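Per my numbering, the sequence shown starts with residue 805, numbered consecutively. Structure first, commentary second.
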Amino acid sequence: SRPLINASSSNGNETPAVLERGDGGDIVESKSLVDAYEVVRLPSRFGLQLHDVAVNTLAEQVLQVVAIEAPVHADTVIRRLMAAYGVARAGNRIVANVEQAIRFGSASDMFHAQNDFIYRDKTKPAKLRNRAMLELADRKLELVAPEDIDLALCHVVKLGFSMQKDIAISEALSALGFG
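As structure tokens, then:
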């Protein structure tokens, strides 16, 4: 039997869309089938100036973030480094130094950088992760790689077999933690 997608509760209020099997089976929220987004906590480097750190050293630290969070937006990497160095605001020198480290790491094949996103390698593997528990600064759709959004859409369509476009988009966003 074909699953049905329910997008509202009996009282008419919006609720997270659920996958409901027509055979009386369990109701499963699509976002519960998705792993939580894992955030890297780099070792503390308080006392050092982030804008003065050697590019190759920063590239190694970027790699630590990429190893867990890829695909990851460059802005997210900057925030992870800022937290490690005890920096509250990313000025021009910090941003320039981290961007240079990202270019260095990509040119050295430590990782692959493309269009503000950093991937483990050039195959750009996607990773379906729920971002619902992240801090607000990390819960922006523009920080989600296009490949992750594509994967989320494929995931919910596969669960639902067929569905309307707007429901598929809503379910994909929910799976990513935005609904």
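We put the CB at the ideal spot given by N, CA and C, even for glycine. Just so you know, these numbers come straight off a predicted model, no measurement behind them.
Quick check: the Cα distance between residue i and residue j, rounded to an integer number of angstroms?
i, j, result
"ARG883", "ALA894", "8 angstroms"
"GLY890", "LEU854", "9 angstroms"
"ARG907", "ALA917", "7 angstroms"
"LEU980", "VAL870", "18 angstroms"
"ARG924", "VAL857", "23 angstroms"
"LYS926", "VAL859", "21 angstroms"
"SER978", "GLU939", "16 angstroms"
"ASN896", "VAL948", "24 angstroms"
"GLU864", "ALA887", "16 angstroms"
"ARG943", "SER912", "30 angstroms"
Taking 7 angstroms as the limit between beta carbons, can you name the residues of its chain near residue i, skipping five residues before and five after?
i, result
"LEU852", "TYR889"
"ALA956", "LEU932, ALA976, ALA979, LEU980"
Are residue i and residue j touching if we call contact CB-CB under 7 angstroms?
i, j, result
"ALA936", "VAL960", "no"
"ALA1048", "ASN934", "Any question about residue 1048 goes unanswered here, given that the chain covers just 805 to 983."
"PHE915", "HIS877", "no"
List the whole-angstrom C-beta distance separating residue i from residue j, where the pair is believed to meet the contact cut-off of C-beta under 8 angstroms.
i, j, result
"VAL844", "LEU932", "Between LEU932 and VAL844 the Cβ distance is about 18 angstroms, and since that is not below 8 angstroms, they are no contact."
"LEU846", "GLY909", "So it is not a contact: roughly 15 angstroms between Cβ atoms."
"ALA930", "GLU951", "4 angstroms"
"GLU842", "ILE872", "5 angstroms"
"LEU862", "ASN901", "7 angstroms"
Please identify the residue among the options whose C-alpha is closest to the C-alpha of residue i.
i, options, result
"ALA941", "THR880, ALA863, LEU955", "THR880"
"LEU885", "ARG849, ARG897, GLU946", "ARG849"
"ILE953", "GLY964, PHE982, ALA900", "PHE982"
Taking 8 angstroms as the limit between beta carbons, can you name the residues of its chain near residue i, skipping five residues before and five after?
i, result
"ILE973", "LEU957"
"MET967", "ILE809, VAL960, VAL961, GLU975"
Can you find the residues in the same chain that come closer than 6 angstroms, C-beta to C-beta, to residue i, ignoring five residues on each side of it along the sequence?
i, result
"LYS928", "GLU951"
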